[in-house]
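Residues in the sequence shown are numbered consecutively from 391, following our numbering.
Scroll down for the structure; my scribbles are underneath it.
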Amino acid sequence: MRYADGGGLTAERRAAREGIRLEAGQRFARGDRTSDIARDLRVSERSVEQWRRNWREGGVEGLRSKGPAKLPKLSDERFALLEKELAKGPAVHGWEDQRWTLERVQTLIGRLFSNAAGPGCPYRVPASKSVLP
391 MRYADGGGLT AERRAAREGI RLEAGQRFAR GDRTSDIARD LRVSERSVEQ
441 WRRNWREGGV EGLRSKGPAK LPKLSDERFA LLEKELAKGP AVHGWEDQRW
491 TLERVQTLIG RLFSNAAGPG CPYRVPASKS VLP
């Protein structure tokens, strides 16, 4: 996973990135070219183009951070229960071999929590809580 500290940026890193976007916004107002902004801020032109669209549609507010991405789908309590059930092994839960696959983990989550985690949940488990070998 990209962010080993739990799946996202810290508040400080979000603020730093927001600062870069706001600086780009000042340069949009001056009429600077996308390629110049990207080079000077050391970001991709594609990012600058997206920021410019956001700036046109929402002004400076369109460049502000929207906060952390998604919160984990499982609470810490539910995750602890999931870990205990996974430790029992796949055979206890009805599979013939001792391999945990993402599909099986997703099925187990659905059984334990009535699909509260939603499809694809094992793909969004933070690396700090990884349970698969």
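Idealized CB from N, CA, C, for every residue including glycine.
#1: So for D466, helix, strand or coil by DSSP?
#2: Among the candidates V495, E413, G452 and Q488, whose CA atom is the shortest distance from the CA of D430?
#3: Extract the residue ranges of the beta strand (DSSP E) inside the region 396 to 427, only unbroken runs of 3 or more that lie entirely within it.
#4: In whole angstroms, what is the alpha-carbon distance linking D395 and S437?
#5: In angstroms with no decimal places, state the Cα-to-Cα distance between R442 and E408.
#6: Mapping the DSSP letters down to three states, classify V438 as helix, strand or coil.
#7: G415: buried (16+ other C-beta within 10 angstroms of its C-beta) or exposed?
#8: Using DSSP with H/G/I as helix, E/B as strand and the rest coil, what is V495?
#9: Out of curiosity, what's the CA-to-CA distance linking E486 and R494?
#10: Rounded to the nearest angstrom, what separates L502 and T491 at their Cα positions?
#11: Among R423, G500 and T424, whose alpha-carbon lies nearest the alpha-carbon of K463?
#12: Using only the alpha-carbon positions, how far apart do I427 and H483 sit?
#13: Within its chain, find whatever has a CB closer than 6 Å to the CB of A401; leave out the 5 residues flanking it on each side and keep chain order.
#14: Tell me which residues share the same chain as T424 and place their Cβ nearer than 8 Å to its Cβ, disregarding the 5 neighbours each side in the sequence.
From the atom records:
#1: D466 falls in the helix class under three-state DSSP.
#2: For D430, the closest C-alpha among the options V495, E413, G452 and Q488 is that of E413.
#3: Complete beta strand (DSSP E) runs here, min 3: none at all.
#4: Unreliable positioning characterises D395 in this predicted model, as indicated by a pLDDT of 45, which lies under 50. The coordinate reading is nonetheless provided below. Going from the Cα of D395 to the Cα of S437 covers about 24 Å.
#5: Linking R442 to E408 through their CA atoms gives a straight-line distance of about 14 Å.
#6: Collapsing the DSSP output to three states places V438 in a helix.
#7: That one is buried.
#8: DSSP places V495 in helix when its eight states are reduced to three.
#9: Distance between the alpha carbons of E486 and R494 is about 12 Å.
#10: For the pair L502 and T491, the Cα-to-Cα distance works out to about 16 Å.
#11: Selection R423, G500 and T424 evaluated against K463 yields G500 as nearest (Cα-Cα).
#12: A direct Cα-Cα distance of roughly 55 Å separates I427 from H483.
#13: Counting only Cβ-Cβ distances below 6 Å, and skipping sequence neighbours, we find nothing.
#14: So the list reads E435, V438, E439 and R442, once near-sequence residues are dropped.
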